[in-house]
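A quick write-up on the structure given underneath.
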Amino acid sequence: MTSRTIPTALDPARARELRREAVDVPVILIGTGTCGLGAGAGAVLEAVRTLPAVQRRGARIVEVGCIGLCALEPMLDVQLPGRARLCFGRVDPGKARTVLDAMLGEGAWPELPLFQFPADGLQAWDGVPAIGDHPFFAPQTRLVLRNCGLIDPRSLDEYRARGGYEQWLRVLAQMTPAELCAEVERSGLRGRGGGGFPAGRKWRFAQETAAERKFLVCNADEGDPGAFMDRAVIEGDPHRLVEGMAIAAYAIGASRAYVYIRAEYPLAIANLSVALDQARQAGYLGRDIAGSGVDLDVVVKKGAGAFVCGEETALILSIEGRRGMPRPRPPFPAVSGLFGCPTVINNVETLANLPELVRIGADGFAALGTAGSKGTKVFALSGKVARTGLVEVEMGTSLADVVHAVGGGVPGGKRFKAVQIGGPSGGCIPAAHLDTPVDYESLKELGAMMGSGGLVVMDEDNCMVDVAKFFMDFIQRESCGKCIPCREGTRHMLEILQAITRHPRSEHGHMALERFQGVVNLEDLAGVIKDASLCGLGMTAPNPVLSTLRWFRDEYEAHIFGRRCPAGVCTELLSYRIDAALCNGCSRCLRECPVDAIVGEPRRPHTIIQERCVACGNCVTACHRDAVLVS
Amino acid sequence: MNGPVRSVAEILAAHPDRGREHLIPLLQEVQEAQGFVSREAVAELGAHLGLPSSRIYGVATFYNQFRFQPLGRYHVQVCRGTACHVKGSQGVFQAIKRYLQLEAGQTARDGLFSLEVVACLGACGLAPLICVNGEFHGGVDADSAVKILRRCRREAESA
Amino acid sequence: MPRIEANGRTLEARRGETLLETLRRGGIRVPTLCHYEGLPPTGACRLCVVEVDGLPNLVPACSYPVVEGLKVHTHSARAVNARRTIVELLLSNHPDDCLYCARHGNCRLQDLSEELGVRARRLPGTRRHLPRDVSSPAIVRDPDKCVLCGRCVRACQEVQGVAAIDMTGRGSGARVDTAFGEGLNVSSCVNCGQCVMVCPTGALTERSHLDLVEGALRDPALTVVAQVAPAVSVSLAELFGEKPGRDVDGALYALLRRLGFSRVFDTAFAADLTIMEEASELVRRLRDGGPLPMFTSCSPGWVKFVETFYPERIAHLSTCKSPQQMLGAVIKAHFAARAGLEPERVFSVAIMPCTAKKFEAQREEMLEGKLADVDAVLTTRELADLVRRRGLRLGDLAPEPADMPFGRRSGAGKLFGASGGVMEAAIRTAHHLVTGGELADLKVEAVRGLEGVKEARVRLGDLELGVAVVSGLGNARRLLQEIDAGRRDLHFVEVMSCPGGCIGGGGQPIGADPAALGARLQALYRIDGAETVRTAHANPAVRQLYAEFLGEPLGPRSHELLHTHYDARTVLR
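Shown next, in the form of structure tokens:
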């Protein structure tokens with residue numbers, strides 16, 4: 004930051020080119036976000052690079068972030084000069100070759116593309132739906148995700164060509180920090196990280212606290228299992244976050260900001276680092292930005308893996324190099340946070356909303372959403388749903404629309420059972436309440452919470468006791484271990500759930516009692532944990548159990564009193580039998596049985612001695628002939 | 043991990059700043075260079091930052107990332123996120139455990155494999171997911187996961 | 078002054094106070110577990126949660142700042158239920174062997190379950206079975222009994238600046254542990270036992286030598302002798318329910334005889350001996366310009382602290398053995414011969430306010446190629462246990478004197494029991510050595526009291542000495558940092574590992590408050606004030622020992638028996 008650069012505007016023709024409203028050679032766009040790469044985009048990219056047709060036509064290959072339709076990754080887009088961009092899904096190297104040979108050769112497609120991107124001045128393709136008509140995208144309103152999958156995340160100019168950093172410069176030139184705080188407060192933007200605290204108000208506290216140093220921290224630790232919104236945004240449109248951070252830092256008067264990001268997100272870290280370098284070089288960050296006298300630098304801090312560091316005070320301690328054990332509040336971080344200075348912590352999505360919020364203004368933003376929840380919300384839709392992916396909908400959209408319209412419902416003709424929202428702090432919402440609108444209060448009423456935006460769909464094959472157990476197991480490991488209600492309470496709740504799902508024969512001592520008292524004790528403990536825990540993690544930790552108890556009590560009772568798992572998930576409550584007609588006596592199951600409950604001579608049908616079986620289910624996975632029958 | 047391993051001293055030399063906030067980044071760098079955090083590394087870090095070893099160990103054990111024994115040549119991470127769980131990752135994990143004869147957090151005696159359970163790899167759209175040496179394998183089941191590991195073993199044996 | 082309403086009563090709060098402080102001053106007791114007087118609250122245990130009108134959740138009184146108009150309910154059904162559940166949760170994975178526990182009857186968890194009316198096992202749970210750490214010669218750790226209140230960690234780190242232990246792991250796997258989970262014996266632990274003093278349960282206890290001592294007492298072939306440290310007589314009575322500050326010196330000797338000890342000696346005699354040597358050493362260092370400032374070496378935790386953290390300062394430590402080890406040495410080398418006993422058949426027991434003395438007694442330098450100076454060390458607490466085991470009572474016994482030749486002490490020697498005592502005793506004698514005359518009223522006010530750091534300039538004739546008295550190793554570390562940074566005005570520094578000195582030692586009664594420490598301190602000053610002989614050099618028994626056996630201070634025999642050396646320790650610091 005020695006020499007300072009004044010940002011310059013982009014030439015309009017160049018901007019059109021960067022927006023690909025006019026391309027002179029064919030452009031091939033491949034989604035190489037983590038999801039895309041995980042699905043095989045790397046191999047596709049390799050194949051495309053070496054394709055003769057690509058080289059012959061001098062086609063440009065652009066790596067873009069994730070457009071959000073994970074289920075159809077890897078995705079490959081082709082844009083021929085003068086024509087609208089086409090998108091193909093589930094591409095492998097072979098299909099990429101076929102598609103590109105055809106598109107770059109005769110200018111036709113070998114199989115129907117998923118959709119096209121209509122644009123002014125570009126001729127649309129007949130018979131291909133526009134992206135806006137595709138069922139996955141139609142119900143969406145994309146503010147935060149508007150560039151994801153469209154632009155090259157490593158190109159500052161592509162971001163600028165779409166209005167990037169204009170709002171940052173405008174704010175800097177035209178608004179005071181206090182005005183900016185007021186504007187955001189008026190917009191009704193609430194924290195997207197979980198709690199939903201009004202962002203503008205939190206800023207105001209910090210803005211009004213006099214201090215020599217203040218900090219902005221972007222929480223990109225996305226520790227919720229089942230959430231990947233922040234990763235996708237940073238991978239696909241990192242400059243949006245940087246611009247949002249600049250706006251927020253200015254509002255509170257911070258000249259230093261941190262991004263606390265999961266170390267498990269190497270690609271996001273790489274793209275963000277590139278974006279920060281570019282922003283510094285272009286003069287959007289650094290000293291005396293655009294001659295305003297405002298300084299800002301942004302530092303990337305890699306988290307080391309602890310869910311609890313999503314909690315503000317824990318995150319601060321972690322940046323300071325300590326164990327991420329939350330401390331009592333007050334004092335609140337906005338008054339005394341990082342290194343004892345006023346600190347505002349905002350989640351990635353909150354910050355990424357800002358450029359668009361400032362552009363459309365507080366009123367424009369407040370026009371979106373419901374009375375108490377403004378704007379949009381990004382969800383990571385996964386689990387038993389046809390179209391998994393990243394979804395952004397207006398607040399107030401019903402969950403049913405997200406799951407069924409956007410997600411395409413439960414695949415395989417199975418019945419929808421519940422959707423888990425809010426991760427380990429949230430809850431499961433049953434079919435009967437799927438018409439609930441997405442907003443902070445409605446979800447809370449159902450015993451769930453907005454959380455950071457993981458939406459995991461479950462069908463009839465999922466056991467809700469098992470799901471509750473999964474979350475309690477997660478939480479009792481991820482609890483920081485400091486306060487007793489959370490540390491011991493969640494562990495104990497897990498033990499009760501284990502007792503409920505334990506094989507009747509391995510039940511001894513106090514376990515039967517524990518099982519019968521199960522539901523009562525679960526509810527009691529949950530109450531105390533919520534009431535007396537130190538931090539938000541503990542206060543919400545019982546939610547997954549409470550919400551499943553509330554909506555699926557019958558499943559608990561079937562486990563406790565009927566000793567059976569209706570969904571057939573809790574293996575210890577199932578019984579196992581070998582079908583003599585199918586068994587060829589290979590002895591695989593016999594070797595895998597931990598309690599020697601399987602007997603049989605080689606090459607003769609084997610038998611399971613029921614009295615010995617502990618129902619671990621090893622034999623089922625060991626058998627190559629599906630001869631072990633489960634009931 | 044090719045090339046000479048960077049020593050802790052070299053890493054520390056590149057970080058003249060001794061503030062406590064450098065502890066976690068330094069631990070990360072040490073682990074990246076050496077594969078794990080050794081007793082010696084903790085002692086050196088402690089001397090550099092002026093922190094007691096017990097504190098460094100306390101910090102390191104708080105976070106999932108740090109290991110205190112070397113990784114296997116193939117480091118297998120099994121995602122246990124929610125989406126993976128509802129799509130059967132428990133079965134995948136059991137099958138992998140049985141195949142590798144390892145518990146989570148362990149490294150095989152021959153140093154070929156190490157096994158780790160991670161809270162969420164953040165690619166839930168591809169669930170269930172495993173990751174071998176940083177490479178994601180989505181949509182696996184017990185059989186296909188074991189097949190991937192068999193391939194690794196063959197690759198190692200033929201090399 | 079903010080006013081709050083607690084359980085319907087109005088309480089005056091002081092500005093900047095926490096709710097807990099206001100409630101306590103107002104006579105409302107809210108139970109605590111992790112609270113550590115004098116250190117900032119951590120809010121970990123949640124036992125002090127109270128209901129506050131208008132707040133959605135219970136709040137911890139320990140960390141909640143009082144503000145005007147708070148309406149607090151400390152014992153509402155909701156708050157009490159939360160507390161009871163918390164205790165039940167702790168009990169659910171706590172070993173149920175109270176009857177076998179060293180802390181039975183003096184356990185915070187027992188008190189809490191009593192107070193909260195836990196009468197049934199509502200939450201049966203799976204027990205942990207973690208290995209006990211018995212590696213240390215002084216302290217035993219039983220992680221199964223640990224409730225993770227974090228007080229030991231705070232004592233070790235924030236008070237003592239040792240940081241041998243910390244919280245490790247996370248969630249239900251969180252533990253208090255050393256770096257890499259190694260044994261305490263190979264850690265940087267200095268055995269001061271302050272962790273034991275603050276542990277609410279039996280997770281941290283001293284390594285018991287009771288069985289060893291009882292075995293020796295029953296062995297007809299052994300002559301078992303005892304020595305009693307100066308700080309023991311002013312604290313032992315508390316373990317029998319008496320008010321702090323009562324001196325039971327004479328009754329203690331009677332008691333030890335009833336217990337079967339053949340001879341009962343006073344460690345304060347050896348403290349006088351230490352002063353003779355140490356004051357001479359100081360005078361020599363002052364004359365020869367030897368490494369200064371000289372540090373005292375009677376606190377074994379401090380000695381190990383220097384060896385571990387400041388090995389380059391080892392030369393500053395006085396080479397004098399501690400009084401315990403000096404007396405041990407002369408018991409076996411001199412008393413045995415005089416009494417016609419084989420030294421091998423003398424079993425020497427030290428009764429100490431200290432856990433580190435157990436470590437000191439088995440230090441290699443104290444053992445190499447010869448008999449142990451001291452064979453077993455009992456803490457004040459262990460002595461009380463032994464007394465109870467034998468069905469004896471402290472109050473029943475008429476005072477008796479200690480045995481000669483090591484039964485006579487000066488007031489100076491007795492002062493060793495408190496921080497500043499060694500300094501005061503040394504100044505009295507050094508003054509005599511340098512000037513030939515006695516100090517005006519023999520009192521060095523500046524080094525008295527419970528403050529962690531006391532400094533003074535002392536005139537010995539035309540010499541002016543800079544002296545510092547430090548107790549608590551955290552304070553010692555700060556002073557060493559000052560010296561490292563170039564401080565040059567100090568000649569003599571007394572360091573006691575434990576805050577307040579031996580009266581606050583790691584082997585003393587658990588649960589004493591600062592007021593108790595003050596009472597013990599005043600008792601020592603009273604004893605000194607009432608003594609006829611108040612300086613080490615005037616102690617006739619000491620003079621006799623030099624005349625009969627030792628020769629002169631720093632002479633060859635002293636050098637052999639009363640001095641030692643130290644080595645740098647290579648442990649994970």
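Chains as they are written, first to last, in this note's numbering: chain A, 4 to 634; chain B, 43 to 201; chain C, 78 to 650.
Just so you know, even glycine gets a beta-carbon here, dropped at the ideal spot from N, CA and C.
Going by Cα to Cα distance, which pick from the options is closest to residue i?
| i | options | result |
| --- | --- | --- |
| A:L192 | A:T379, A:T101 and A:D27 | A:T379 |
| A:I37 | A:E238, A:P113, A:V94 and A:A12 | Note that residue 37 of chain A corresponds to Thr in the displayed sequence, not to Ile. The shortest Cα separation from A:T37 among A:E238, A:P113, A:V94 and A:A12 belongs to A:E238. |
| A:E188 | A:T353, A:E225, A:G110 and A:P427 | A:T353 |
| B:A161 | B:A169, B:L65 and B:E82 | B:A169 |
| A:L537 | A:I581, A:L500, A:R505 and A:P329 | A:P329 |
| A:L279 | A:E76, A:Y168, A:V470 and A:L437 | A:Y168 |
| A:K472 | A:A252, A:K533, A:P545 and A:A618 | A:P545 |
With 16 as the cutoff for other CB atoms within 10 Å, does residue i come out buried or exposed?
| i | result |
| --- | --- |
| A:P507 | exposed |
| B:M43 | Residue placement at B:M43 is poorly supported in this model, since its pLDDT is 42, which falls under 50; the coordinates still yield a value, given next. With fewer than 16 other Cβ atoms within 10 Å, it is exposed. |
| A:S6 | Legend: pLDDT at A:S6 = 48, less than 50; position of this residue unreliable, no value from coordinates given. |
| C:S635 | buried |
| C:K447 | exposed |
| C:V100 | Checking the sequence shown, residue 100 of chain C turns out to be Leu, not Val. Buried, since its Cβ has 16 or more Cβ neighbours within 10 Å. |
| A:H242 | buried |
| B:A187 | buried |
Under three-state DSSP, which class holds residue i?
| i | result |
| --- | --- |
| A:T5 | In this prediction, A:T5 has a pLDDT of 45, which is less than 50 and means its spatial position is unreliable; what the coordinates show is noted afterwards. If DSSP states are grouped into helix, strand and coil, A:T5 belongs with coil. |
| A:T316 | helix |
| A:M496 | helix |
| C:A314 | helix |
| B:N44 | Unreliable placement is indicated for B:N44, whose pLDDT of 47 sits below 50; the coordinate value is still reported in the next sentence. B:N44 falls in the coil class under three-state DSSP. |
| C:E82 | strand |
| A:M398 | coil |
| A:S385 | strand |
Pull the bridge partners of residue i from the DSSP assignment, please.
| i | result |
| --- | --- |
| C:P137 | C:V126 |
| C:V217 | C:T282 |
| C:E358 | Answer is none; C:E358 lacks a bridge partner. |
| A:F342 | BP columns for A:F342 are empty, so no partner. |
| C:E89 | C:R80 |
| C:R534 | C:G543 |
| C:A303 | C:V341 and C:V426 |
Would residue i and residue j qualify as a contact pair, given that the criterion is a beta-carbon distance under 8 Å?
| i | j | result |
| --- | --- | --- |
| C:R190 | A:H495 | According to the sequence as given, residue 190 of chain C is Ser; it is not Arg. Not a contact, by the Cβ cut-off of 8 Å. |
| A:L458 | A:L384 | yes |
| A:A87 | A:F140 | no |
| C:I587 | C:S312 | no |
| A:D224 | A:R195 | no |
| B:G133 | B:A55 | no |
| C:G327 | C:P118 | no |
| C:Q304 | C:C269 | no |
| C:V544 | C:E559 | no |
| C:P79 | C:E128 | no |
Counting only beta-carbon atoms, is residue i nearer than 8 Å to chain F?
| i | result |
| --- | --- |
| C:R247 | In the displayed structure, chain F is absent; the protein chains listed are A, B and C. |
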